[in-house]
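Each residue of the first sequence is one higher than the one before, counting from 4 in my numbering.
For every residue, glycine included, the Cβ atom is placed at its ideal position computed from N, Cα and C.
So the structure is just underneath, and the comments pick up after that.
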Amino acid sequence: MSLRVYNTLSRHKETFVPLEPDMVRIYVCGPTVYDEAHIGHGMSAIIFDMIRRYLEHKGFKVRHVMNFTDVDDKIIDRALRSGQDPLQLAQRYIERFREHMAALHVLPPTVTPRVSRTIDEIIDMVSRLIEGGYAYESEGDVYFRVRADDDYGKLSRRDIDHAVSSDRQRFGDELKEDTADFAVWKGQKTATEPAWLSPWGMGRPGWHIECSAMVRRYLGATIDIHGGGNDLIFPHHENEIAQSESCNAAPLARIWMHNGMLQLRGEKMSKSLGNMVTIAEFLDEHEADVFRILVLGSHYRKPLAYDAEIVEQAKRALARLRSGLRPPQGSLDTGPEVEHLLAAATKARVRFEQAMDDDFNSAGALGHLHDLVKAINMARDQGVGGDAFTGAQDTLRDLAGILGLQLSAAAPGASDAAPFIDLLIEVRTEIRKLKQWALADTLRDRLAEHGVILEDSRTGTTWRWQD
RNA sequence: GGCGACGUAGCCAAGUUGGUUAAGGCAGGGGUCUGCAAAACCCCCAUCGCGGGUUCGAGUCCCGCCGUCGCCUCCA
């Protein structure tokens with residue numbers, strides 16, 4: 004079955020056919036690095052990581068490019084206020100970002116270009132735009148001539164006149180021919196801001212041009228998928244399209260994918276509103292898989308309301324998925340129970356793929372994983388073991404892995420305390436044989452106080468760390 | 001004001017090219033197992049914001065209304 008993907012440009016799901024068979028070129032807008040990344044960035048990263056993993060699962064070779072905006076007004080502001088070098092400040096947050104992504108098990112993109120290292124390509128592109136009549140210099144700045152682009156506004160579905168009327172009230176920018184025009188190159192205003200030599204004097208790139216230049220350099224004129232948060236549709240992606248398509252005379256991206264916003268207390272979480280939870284804060288308290296389940300548990304295009312309760316629910320859902328990986332308790336390897344389990348594993352695989360093929364419906368896919376967990380647990384209760392059992396667990400691990408879930412709980416044996424806990428359990432087992440229930444229960448309760456959960460079963464006592 | 005999205009059980013949420021029983025998770029209730037507990041398993045728990053319309057048939061299409069949210073300025 005073929006993959007269908009919702010395209011913001013057409014507002015429809017389209018059958019996905021890459022330009023080159025077996026190869027997908029994808030560009031995702033990355034962060035402006037002037038502060039700690041928040042879980043909204045994490046959400047976006049996880050969504051595109053899921054997409055990339057699934058594409059790879061489908062057999063595509065994925066060339067995935069994500070930029071770091073390391074030259075920007077806010078970086079400059081922040082740096083100057085604290086007496087730092089803007090590029091060094093950006094460098095530090097790039098490193099932080101990478102650490103956080105690794106902690107969230109987000110695969111590193113194939114290439115992560117930065118504005119500060121793409122200046123030549125940007126200048127080249129700006130020059131071409133000027134040559135083509137799509138941009139003009141004005142006192143050291145260069146502006147894109149929006150009126151020269153006949154299909155400007157096609158992505159965000161707005162017409163220039165509206166943009167103009169709302170813009171005109173805010174800016175009285177005499178340097179522009181038209182108030183809807185936007186900067187592709189900004190002349191240097193003060194000696195303290197980073198600047199590079201260009202045909203238009205010292206200056207730095209406008210915000211949108213970097214992505215156009217990076218796409219062109221690392222992926223070519225036309226790519227398969229261009230992605231980002233839906234808050235980037237206008238003006239950022241609209242302007243990228245304008246620049247790239249005017250420069251290259253080719254479509255920028257076949258498919259535009261946009262994820263919904265993470266909202267906190269009913270509002271979009273953003274740095275400017277100051278209502279944010281950083282990735283570091285989240286990971287201080289919860290595992291990476293919890294966040295991934297939280298994000299992939301709803302559709303990527305929908306807004307996601309974040310609060311303590313959905314974190315708790317995601318935590319439970321994770322524990323539930325993990326229950327499917329507990330060892331078998333029997334060795335039954337033939338019979339209807341085994342057949343049922345095998346059928347469930349096959350069904351899970353098929354349904355998982357169907358869901359994911361339908362515009363990366365990860366929430367539906369997770370549901371099918373839960374169905375498989377139920378079948379595995381039922382089989383365990385029925386005494387199924389052997390290859391059929393471990394095979395079904397492999398399927399679970401495999402499918403979860405496509406979503407980027409680790410599912411590995413902190414292994415009980417991995418702690419220094421493990422030998423002592425095992426010893427206590429041995430002693431308690433003897434106590435239970437003597438039916439000294441009060442003492443046995445006390446032991447269990449006291450261990451629970453230290454986060455060690457004991458579970459008695461016919462085959463003995465097992466323990467695990469509290470979730 | 002312009003553009004767009006969303007509204008499914010107590011909570012999260014899938015399903016909308018119309019068609020047998022509206023996924024799944026969490027919480028809750030009942031039961032099995034257990035010395036007890038935990039875990040697991042079994043059973044129960046919605047007619048899809050509201051009002052019209054199209055149709056043999058609509059959560060799924062159309063119109064209106066209400067509500068929530070996003071973009072229109074930097075933002076994943």
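Own chain, CB closer than 6 Å to Ile296, minus 5 neighbours either side, in chain order: As a working note, residue 296 is residue 293 in the first sequence. Excluding sequence neighbours, Ile296 sits near Ala317, Ala320, Leu321.
Ile29 - containing beta strand (DSSP E), residue span: Numbered from 1 along the first sequence, position 26 holds the residue referred to as residue 29. Here the beta strand (DSSP E) through Ile29 covers 26 to 31.
Inter-residue spacing [alpha-carbon to alpha-carbon] between Pro111 and Ala421: Against the first sequence, residue 111 aligns to sequence position 108. Against the first sequence, residue 421 aligns to sequence position 418. Looking at the two C-alpha atoms, the distance is approximately 34 Å.
Every unbroken alpha helix (DSSP H) inside the segment 27 to 95 [4 residues or more]: 42 to 60, 76 to 84
CB contact flag (Leu328, Leu457, <8 Å): Counting from 1 along the first sequence, the entry for residue 328 is found at position 325. Counting from 1 along the first sequence, the entry for residue 457 is found at position 454. For Leu328 and Leu457, no; Cβs fall outside 8 Å.
4 or more residues per run - each alpha helix (DSSP H) lying fully within the segment 182 to 208: none
Reduced DSSP category for Ser326 - H, G, I as helix; E, B as strand; rest coil: Counting from 1 along the first sequence, the entry for residue 326 is found at position 323. Looking at Ser326 - three-state DSSP - the assignment turns out to be helix.
Residue environment, Gly175, which counts as buried when at least 16 other CB atoms sit within 10 Å: As a first step, residue 175 must be located in the first sequence, where it is residue number 172. Residue confidence for Gly175 is low, a pLDDT of 47 falling below 50, so the modelled location carries little weight; the figure read from the coordinates is stated next. Its Cβ having fewer than 16 others within 10 Å, Gly175 is exposed.
Between the CA atoms of Met46 and Pro306 - distance to the nearest angstrom: Taking the first residue of the first sequence as 1, we reach residue 306 at position 303. Taking the first residue of the first sequence as 1, we reach residue 46 at position 43. Those two C-alpha atoms are separated by around 11 Å.
For His371, the three-state DSSP class (helix, strand or coil): For this step, residue 371 is matched to residue 368 along the first sequence. Three-state DSSP puts His371 in a helix.
Whole-angstrom C-beta distance between Gly190 and Trp203, which should lie under 8 Å: Sequence index remark: in the first sequence, residue 203 carries index 200 (1-based). Sequence index remark: in the first sequence, residue 190 carries index 187 (1-based). At roughly 7 Å, the Cβ-Cβ gap stays under 8 Å, so Trp203 and Gly190 are in contact.
Contacting residues, own chain, Cβ-Cβ under 7 Å from Glu213 (five flanking each side not counted): Position 210 of the first sequence, counted from the start, is the residue given in the question as residue 213. So the list reads Asn70, Thr72, Val118, Thr121, Ile125, once near-sequence residues are dropped.
Distance between Met359 and Ser5 (C-alpha atoms, nearest Å): Start at 1 with the first residue of the first sequence, and residue 5 comes out as number 2. Start at 1 with the first residue of the first sequence, and residue 359 comes out as number 356. Roughly 10 Å separates the two Cα atoms.
Secondary structure of Gly463, DSSP reduced to three states: Reading the first sequence from its first residue, position 460 is the one you call residue 463. DSSP places Gly463 in strand when its eight states are reduced to three.
Which of helix, strand or coil DSSP assigns to Val167: The residue given as residue 167 occupies position 164 in the first sequence. Since pLDDT at Val167 reaches only 49, below the 50 mark, its modelled position is unreliable, and no value is offered.
CB contact flag (Val27, Met260, <8 Å): Counting from one through the first sequence, the residue named residue 27 turns up at place 24. Counting from one through the first sequence, the residue named residue 260 turns up at place 257. No, the pair does not count as a contact, with Cβ atoms beyond the cut-off.
Sequence ranges, beta strand (DSSP E) only - wholly within the segment 222 to 281, length at least 3: 226 to 232, 256 to 262, 265 to 267
The segment 75 to 84 in contact with the segment 100 to 107 per 3-pair CB rule at 8 Å: no
Residue span of the alpha helix (DSSP H) that contains Lys350, given as start and end: Working through the first sequence from its first residue, we reach residue 350 at position 347. From DSSP, the alpha helix (DSSP H) with Lys350 extends over 339 to 360.
Ser247 versus Arg435, Leu369, Ile163, Tyr155, residue with shortest Cα-Cα distance: For this step, residue 247 is matched to residue 244 along the first sequence. Answer by Cα proximity: Tyr155.
Expected contact under 8 Å - CB spacing of Val455 and Ile424 to nearest Å: Here residue 455 refers to the residue found at position 452 when the first sequence is read from its first residue. Here residue 424 refers to the residue found at position 421 when the first sequence is read from its first residue. Yes, they are in contact, since the Cβ atoms of Val455 and Ile424 sit about 6 Å apart, within 8 Å.
Limits of the unbroken beta strand (DSSP E) element including Phe147: Taking the first residue of the first sequence as position 1, residue 147 is located at position 144. Its beta strand (DSSP E) spans residues 144 to 147.
Pair within 8 Å by beta-carbon distance, Leu107 and Ala291: Counted from its first residue, the first sequence places residue 107 at position 104. Counted from its first residue, the first sequence places residue 291 at position 288. A contact, by the Cβ cut-off of 8 Å.
Beta-carbon spacing of Ile29, Asp234 below 8 Å: What you label residue 29 is simply residue 26 of the first sequence in a count that begins at 1. What you label residue 234 is simply residue 231 of the first sequence in a count that begins at 1. Their beta carbons are not under 8 Å apart, which means Ile29 does not touch Asp234 by this criterion.
Proximal residues to Gly209 (C-beta, below 7 Å), its chain only, five neighbours per side dropped: On the first sequence, residue 209 is found 206 positions in, with the first residue counted as 1. Within the same chain, Gly209 has close Cβ partners Phe185, Ala186, Val187, Trp188, Lys189.
Proximity to Val145 [Cα-Cα], best of Ala151, Ser130, Asp152: Within the first sequence, numbered from 1, the residue matching residue 145 stands at position 142. Considering only alpha carbons, the answer is Ser130.
Where the beta strand (DSSP E) through Ser141 begins and ends: In the first sequence, the residue the question calls residue 141 occupies position 138. Ser141 -> beta strand (DSSP E) spans 138 to 141.
Residues of its chain near Tyr309, where Cβ-Cβ distance is below 6 Å and the 5 sequence neighbours each way are ignored: As a first step, residue 309 must be located in the first sequence, where it is residue number 306. Counting only Cβ-Cβ distances below 6 Å, and skipping sequence neighbours, we find Leu265, Leu267.
Whole-angstrom distance between Leu406 and Val167, CA atom to CA atom: For this step, residue 167 is matched to residue 164 along the first sequence. For this step, residue 406 is matched to residue 403 along the first sequence. Low confidence applies here, because Val167 scores a pLDDT of 49, under 50, leaving its location unreliable and the question unanswered by this model.
Beta-carbon proximity list for Ala256, same chain, < 6 Å, skipping 5 on both sides: Position 253 of the first sequence, counted from the first residue, corresponds to residue 256. Correct list, in chain order: Ile226, His229.
Coarse secondary structure for His103, derived from DSSP in three states: For the purposes of this step, residue 103 is taken as the residue at position 100 of the first sequence. The answer is helix: DSSP assigns His103 an H, G or I state.
Beta-carbon proximity list for Val364, same chain, < 8 Å, skipping 5 on both sides: Translated into the one-based positions of the first sequence, residue 364 becomes position 361. According to the sequence as given, residue 364 is Asn; it is not Val. Closer than 8 Å at Cβ, skipping near neighbours: His302, Ala358.
Same chain, Cβ closer than 7 Å to Thr487, five either side skipped, listed in chain order: No answer is possible for residue 487: the residues shown for the chain start at 4 and end at 470.
Helix, strand or coil at Val20 according to DSSP, with G and I counted as helix: Position 17 of the first sequence, counted from the first residue, corresponds to residue 20. Note: Val20 maps to coil in three-state DSSP.
Same chain, Cβ closer than 6 Å to Arg431, five either side skipped, listed in chain order: Residue mapping note: residue 431 aligns to position 428 of the first sequence, counting from 1. Excluding positions up to five away in sequence, the list reads Ala443, Leu446.
Alpha-carbon spacing of Ser13 relative to Ser159, whole angstroms: Sequence index remark: in the first sequence, residue 13 carries index 10 (1-based). Sequence index remark: in the first sequence, residue 159 carries index 156 (1-based). Those two C-alpha atoms are separated by around 11 Å.
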